[in-house]
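Structure first, then comments.
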Amino acid sequence: MNEEPFTIIPIGFVHSDFGEPADPKAMRCSLSTLEIDEKYLPALSGIERFRHLFVIYHIHRALGYDLLVHPMGDESIPKRGLFATRTPRRPNPIGLTVVEVLNVEANKITVTGLDALDGSPILDIKPYEEHFDSPKGVEAERDPDYRPEDS
(Lines of atoms letter the chains of each structure in order from A; the text may use other names.)
(Lines give C-alpha, C1' and ligand atoms only; values in the text may rest on other atoms or scores of the structure.)
Protein backbone atom coordinates (compact mmCIF):
# COMPACT_ATOMS: atom_id res chain seq x y z
CA MET A 1 0.00 0.00 0.00
CA ASN A 2 1.37 3.39 -0.99
CA GLU A 3 1.14 5.75 1.98
CA GLU A 4 2.79 8.77 0.41
CA PRO A 5 1.07 12.03 1.32
CA PHE A 6 -0.48 14.16 -1.39
CA THR A 7 -1.67 17.73 -1.59
CA ILE A 8 -5.24 18.93 -1.96
CA ILE A 9 -5.82 22.62 -2.59
CA PRO A 10 -9.10 24.02 -1.19
CA ILE A 11 -11.57 25.40 -3.73
CA GLY A 12 -13.01 27.75 -1.10
CA PHE A 13 -13.94 28.15 2.54
CA VAL A 14 -17.00 27.79 4.77
CA HIS A 15 -18.45 30.84 6.52
CA SER A 16 -20.68 30.01 9.48
CA ASP A 17 -21.52 31.25 12.96
CA PHE A 18 -19.63 28.34 14.53
CA GLY A 19 -15.96 28.97 15.26
CA GLU A 20 -15.89 26.17 17.82
CA PRO A 21 -17.48 22.70 17.81
CA ALA A 22 -21.10 22.86 18.93
CA ASP A 23 -24.24 20.75 18.97
CA PRO A 24 -24.32 19.12 15.51
CA LYS A 25 -28.09 19.61 15.24
CA ALA A 26 -27.79 23.35 15.93
CA MET A 27 -25.01 23.57 13.35
CA ARG A 28 -27.04 21.70 10.72
CA CYS A 29 -30.10 23.91 11.31
CA SER A 30 -28.13 27.12 10.78
CA LEU A 31 -27.11 28.94 7.61
CA SER A 32 -23.65 28.66 6.10
CA THR A 33 -22.05 30.23 3.06
CA LEU A 34 -19.74 28.33 0.76
CA GLU A 35 -17.38 30.92 -0.69
CA ILE A 36 -15.72 29.38 -3.72
CA ASP A 37 -12.49 30.87 -5.10
CA GLU A 38 -13.44 33.20 -7.97
CA LYS A 39 -11.14 31.35 -10.37
CA TYR A 40 -13.67 28.49 -10.19
CA LEU A 41 -16.67 30.69 -11.03
CA PRO A 42 -17.18 29.03 -14.47
CA ALA A 43 -17.26 25.63 -12.71
CA LEU A 44 -20.35 26.77 -10.77
CA SER A 45 -22.40 27.21 -13.96
CA GLY A 46 -25.64 25.24 -13.54
CA ILE A 47 -25.21 24.62 -9.80
CA GLU A 48 -28.40 26.63 -9.11
CA ARG A 49 -30.40 23.81 -10.77
CA PHE A 50 -29.78 21.56 -7.78
CA ARG A 51 -31.65 21.67 -4.50
CA HIS A 52 -29.02 19.62 -2.66
CA LEU A 53 -25.25 19.37 -2.83
CA PHE A 54 -22.57 17.22 -1.26
CA VAL A 55 -19.98 19.39 0.48
CA ILE A 56 -16.63 17.71 1.01
CA TYR A 57 -14.47 19.63 3.44
CA HIS A 58 -11.40 19.36 5.61
CA ILE A 59 -12.20 19.02 9.30
CA HIS A 60 -9.31 21.36 10.00
CA ARG A 61 -9.70 21.53 13.78
CA ALA A 62 -9.82 17.76 14.43
CA LEU A 63 -7.10 16.53 16.77
CA GLY A 64 -5.96 12.98 16.23
CA TYR A 65 -8.23 9.96 16.34
CA ASP A 66 -9.04 6.75 18.20
CA LEU A 67 -9.85 3.56 16.33
CA LEU A 68 -12.82 2.84 18.65
CA VAL A 69 -15.24 5.59 19.66
CA HIS A 70 -18.60 6.06 21.32
CA PRO A 71 -21.01 7.17 18.55
CA MET A 72 -21.88 10.85 18.91
CA GLY A 73 -19.57 10.94 21.96
CA ASP A 74 -22.33 9.27 23.99
CA GLU A 75 -20.63 6.95 26.49
CA SER A 76 -23.91 5.07 27.02
CA ILE A 77 -23.56 3.71 23.46
CA PRO A 78 -20.97 0.93 23.14
CA LYS A 79 -17.80 1.78 21.28
CA ARG A 80 -17.48 0.88 17.63
CA GLY A 81 -14.89 1.37 14.94
CA LEU A 82 -14.50 4.98 13.86
CA PHE A 83 -15.29 4.01 10.25
CA ALA A 84 -18.72 2.87 11.50
CA THR A 85 -19.43 6.36 12.88
CA ARG A 86 -19.56 9.98 11.77
CA THR A 87 -16.87 11.12 14.21
CA PRO A 88 -14.88 14.12 12.98
CA ARG A 89 -11.69 12.63 14.46
CA ARG A 90 -10.42 10.45 11.59
CA PRO A 91 -7.07 9.40 10.07
CA ASN A 92 -7.91 11.72 7.16
CA PRO A 93 -10.24 14.35 8.66
CA ILE A 94 -12.56 14.77 5.70
CA GLY A 95 -16.18 15.77 6.21
CA LEU A 96 -19.03 14.92 3.86
CA THR A 97 -22.46 16.49 4.29
CA VAL A 98 -25.54 16.81 2.10
CA VAL A 99 -26.79 20.40 2.26
CA GLU A 100 -29.84 22.24 0.97
CA VAL A 101 -29.11 25.10 -1.40
CA LEU A 102 -30.98 28.28 -0.49
CA ASN A 103 -29.26 30.80 -2.77
CA VAL A 104 -26.50 31.04 -5.34
CA GLU A 105 -24.97 34.43 -6.02
CA ALA A 106 -21.77 34.53 -8.06
CA ASN A 107 -19.20 32.49 -6.08
CA LYS A 108 -21.24 32.31 -2.85
CA ILE A 109 -23.69 29.51 -2.13
CA THR A 110 -25.95 29.88 0.92
CA VAL A 111 -26.87 26.51 2.39
CA THR A 112 -28.45 24.89 5.41
CA GLY A 113 -27.57 21.49 6.83
CA LEU A 114 -23.79 21.93 7.00
CA ASP A 115 -21.96 20.90 10.16
CA ALA A 116 -18.59 22.48 9.28
CA LEU A 117 -16.85 25.13 11.36
CA ASP A 118 -16.21 28.66 10.13
CA GLY A 119 -13.06 28.66 8.03
CA SER A 120 -13.26 24.98 7.07
CA PRO A 121 -11.50 24.45 3.73
CA ILE A 122 -13.86 23.18 1.03
CA LEU A 123 -12.27 20.36 -0.95
CA ASP A 124 -15.09 19.80 -3.46
CA ILE A 125 -18.80 20.17 -4.04
CA LYS A 126 -20.96 17.83 -6.08
CA PRO A 127 -24.66 17.82 -6.88
CA TYR A 128 -26.75 15.32 -4.97
CA GLU A 129 -28.54 13.26 -7.60
CA GLU A 130 -30.97 10.62 -6.42
CA HIS A 131 -30.22 8.30 -9.35
CA PHE A 132 -26.56 8.13 -8.26
CA ASP A 133 -26.66 8.84 -4.54
CA SER A 134 -29.60 7.01 -2.96
CA PRO A 135 -30.55 3.37 -2.46
CA LYS A 136 -33.56 4.01 -4.72
CA GLY A 137 -31.22 5.16 -7.47
CA VAL A 138 -28.91 2.18 -7.05
CA GLU A 139 -31.91 -0.13 -7.47
CA ALA A 140 -33.19 1.79 -10.51
CA GLU A 141 -29.78 1.56 -12.20
CA ARG A 142 -30.16 -2.24 -12.25
CA ASP A 143 -32.88 -1.83 -14.89
CA PRO A 144 -31.09 -1.64 -18.28
CA ASP A 145 -33.91 0.55 -19.66
CA TYR A 146 -33.71 3.11 -16.82
CA ARG A 147 -32.68 6.62 -17.88
CA PRO A 148 -32.45 9.31 -15.20
CA GLU A 149 -34.01 12.66 -15.86
CA ASP A 150 -31.59 15.54 -16.39
CA SER A 151 -31.88 17.45 -13.12
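Per our numbering, the sequence shown starts with residue 1, numbered consecutively.
Built from N, CA and C at the ideal position, the CB exists for glycine as well.
Which word fits residue i, buried or exposed, when buried means at least 16 other C-beta atoms lie within 10 angstroms of its C-beta?
i	result
Leu-41	exposed
Val-101	buried
Leu-67	exposed
Asp-143	exposed
Pro-88	buried
Leu-114	buried
Ile-9	exposed
Phe-13	buried
Val-99	buried
Phe-132	exposed
Phe-6	exposed
When DSSP builds the beta bridges, which residues end up paired with residue i?
i	result
Arg-80	Val-69
Glu-100	His-52, Thr-112
Thr-33	His-15, Thr-110
Tyr-57	Gly-95, Ile-122
Pro-127	Leu-53
Glu-38	For Glu-38, which the question treats as bridged, DSSP gives no partner whatsoever.
Who are the near neighbours of residue i in its chain, counting only those whose CB is closer than 6 Å to its CB and skipping five residues on each side?
i	result
Tyr-146	Ala-140
Ile-167	For residue 167 there is no data in the structure shown, the boundaries of the chain being 1 and 151.
Pro-24	Asp-115
Which same chain residues end up closer than 8 Å to residue i when comparing Cβ atoms and leaving out the 5 residues on each side of it in sequence?
i	result
Lys-126	Leu-53, Phe-54, Ile-56
His-60	Pro-93, Leu-117, Gly-119, Ser-120, Pro-121
Lys-136	Glu-130
Ile-47	Leu-53, Val-101, Val-104, Ile-109, Ile-125, Pro-127
Thr-112	Arg-28, Cys-29, Ser-30, Leu-31, Ser-32, Val-99, Glu-100, Leu-102
To the nearest whole angstrom, what separates the beta carbons of residue i and residue j, a pair I think is in contact under 8 Å?
i	j	result
Ser-16	Leu-117	7 Å
Asn-107	Glu-20	Actually they do not touch by this definition, with Cβ atoms about 26 Å apart.
Ala-62	Arg-90	7 Å
Excluding the five sequence neighbours on either side, which residues of its own chain have a C-beta within less than 7 Å of the C-beta of residue i, listed in chain order?
i	result
Thr-110	Leu-31, Thr-33, Leu-102, Asn-103
Glu-38	Asn-107
Tyr-65	Leu-82, Arg-89, Arg-90, Pro-91
Met-153	Since the first residue of the chain shown is 1 and the last is 151, residue 153 is not available in this structure.
Ile-77	His-70, Pro-71
Thr-85	Val-69, Pro-71
Glu-4	none
Beta carbon of residue i: closer than 8 Å to some heavy atom of the ligand SAH?
i	result
Ile-36	Summarising the ligand content, the structure contains no ligands, and the ligand SAH is consequently not present.
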